[in-house]
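These notes concern the structure reproduced below.
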Ligand SMILES: Nc1ncnc2c1ncn2[C@@H]1O[C@H](COP(=O)(O)OP(=O)(O)OP(=O)(O)O)[C@@H](O)[C@H]1O
Ligand SMILES: [Mg+2]
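Residue numbers (the working numbering): 4 to 392.
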């Protein structure tokens, strides 16, 4: 092994056989091993350090250790130096470091003081172990654990709400039959009945009883969205939100109605939450082709606070919420699953500028041979209508 040469790259200066052997061990370690002076100047840098952080030894020897530390963690280094000066050894300190290309790397650090012949502390050796994979495993475990708990809780709640729901369905049905009820109230009751049926369906699905029998049926997506708007009408008015509907004619499509209702209702509720000061909400529905597949696109475009770029993927994770008071953070996670179970996609773009802010959720539902229903009759009706609710 060319230990002399690698020894040299590590920045050490002796050719003593034992030290050469030690240097070879350091060089072949899987962990990044480096040394630094007490003012934070790097004095040696092994091969694993190059692999993990992406810098060559000649770039790092003589450079400040700060280069590896994210700005918000710079204070950490001062604390470490203080402990080192006191002769303390720091073991398995989990933190984050930066690679040359700016990626954040989870590491566990073991830092020991280096002393000169007189016992004075002159610097420190650092061993950095990559723990990204372990961290990811831990994260998945915690997530699975949360899911199991949530699953149990959901099943319990579903079970408990099923019975009162049945009573409500019966009462609404009876109220609807009452001859003294006006047509308008009867329409409202019919809608209420549908919504209750939807809750009851979710409850049964949660209990795992009903999944197979919720077959796709032929639905007009624009009608479905309008029904949800009717259910949310008073909330929209109260929140001073004006809805602009821009619908192009689309054919009926075979979808599971309850599931898509859940998706659109969640997108609408999120938009309302994001538009605390009210404003315009645009709903666009029309035919679209994505990756060669024909289908229907539904877009919810709000002028709300927007979503910071670093949260755009997180929002689809279970339990990610920025609404500590009333959010569970599962709305978009479920929505993505439901859309994907229709072979569709849900995408998001957002802006958070002081004057230009808002979010666009776009759902694409492809026509599959099974989904394409009655396309001819829908296409007879040409043109686009724009209306306000
Ligand atoms: N239109 C939007 N504008 C701004 N932020 C949004 C929008 N839609 C979603 N978000 C962000 O995504 C997060 C996750 O949304 P999601 O619907 O999954 O959960 P939630 O609304 O917080 O809770 P719930 O489970 O009750 O729906 C929200 O907390 C919010 O931060
Ligand atoms: Mg939500």
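Note that CB positions come from ideal geometry on N, CA and C, so glycine has one too.
Under the DSSP definition of a beta bridge, which residues are partnered with residue i?
i, result
"residue 48", "37"
"residue 131", "35 and 112"
"residue 360", "355"
"residue 257", "221"
"residue 292", "297"
"residue 97", "111"
"residue 123", "Partner(s): none; residue 123 has no beta bridge."
Thinking residue i and residue j are a contact (beta carbons under 8 Å), I'd like their distance in whole angstroms, please.
i, j, result
"residue 176", "residue 200", "Contact flag wrong, Cβ pair sits at about 11 Å."
"residue 209", "residue 158", "6 Å"
"residue 405", "residue 242", "Residue 405 cannot be examined here, being either before or after the span of the chain that is shown, 4 to 392."
"residue 68", "residue 87", "Not a contact, Cβ separation roughly 12 Å."
"residue 298", "residue 370", "5 Å"
"residue 269", "residue 309", "With a Cβ gap of about 18 Å, residue 269 and residue 309 do not count as contacting."
"residue 73", "residue 101", "6 Å"
Compare the C-alpha of residue i against each of the options and name the closest.
i, options, result
"residue 233", "206, 252 and 192", "192"
"residue 202", "181, 178 and 162", "162"
"residue 347", "81, 36 and 256", "256"
"residue 313", "353, 119 and 361", "353"
"residue 303", "367, 220 and 198", "367"
"residue 220", "259, 33 and 56", "259"
"residue 198", "227, 74, 121 and 338", "227"
"residue 231", "240, 273, 207 and 267", "267"
Within 10 Å of its beta-carbon, does residue i have 16 or more other beta-carbons around it, so buried, or fewer, so exposed?
i, result
"residue 387", "Unreliable positioning characterises residue 387 in this predicted model, as indicated by a pLDDT of 33, which lies under 50. The coordinate reading is nonetheless provided below. Exposed is the call here."
"residue 28", "exposed"
"residue 295", "exposed"
"residue 345", "buried"
"residue 305", "buried"
"residue 89", "exposed"
"residue 181", "exposed"
"residue 141", "exposed"
"residue 71", "buried"
"residue 184", "exposed"
"residue 278", "buried"
"residue 21", "exposed"
"residue 35", "buried"
"residue 236", "exposed"
"residue 300", "buried"
"residue 271", "buried"
"residue 273", "buried"
I want to check one thing, is the minimum distance from the CB of residue i to the heavy atoms of ligand 3 below 7 Å?
i, result
"residue 313", "Ligand 3 is absent from the structure shown, which contains only ligand 1 and ligand 2."
Between the region 123 to 131 and the region 30 to 41, do at least 3 Cβ pairs fall closer than 8 Å? yes
Counting pairs of beta carbons, one from the region 47 to 65 and one from the region 135 to 150, are three or more of them closer than 8 Å? no
Between the region 278 to 296 and the region 311 to 330, do at least 3 Cβ pairs fall closer than 8 Å? no
Determine contact between the region 315 to 326 and the region 247 to 258, defined as no fewer than three beta-carbon pairs at a distance below 8 Å. no
Contact between the region 131 to 149 and the region 58 to 66 (3+ Cβ pairs under 8 Å): no
Segment contact, 8 Å Cβ cut-off, at least three pairs: the region 342 to 356 with the region 252 to 267: yes
If we count Cβ pairs, one from each stretch, closer than 8 Å, do we get three or more for the region 105 to 120 versus the region 129 to 136? yes
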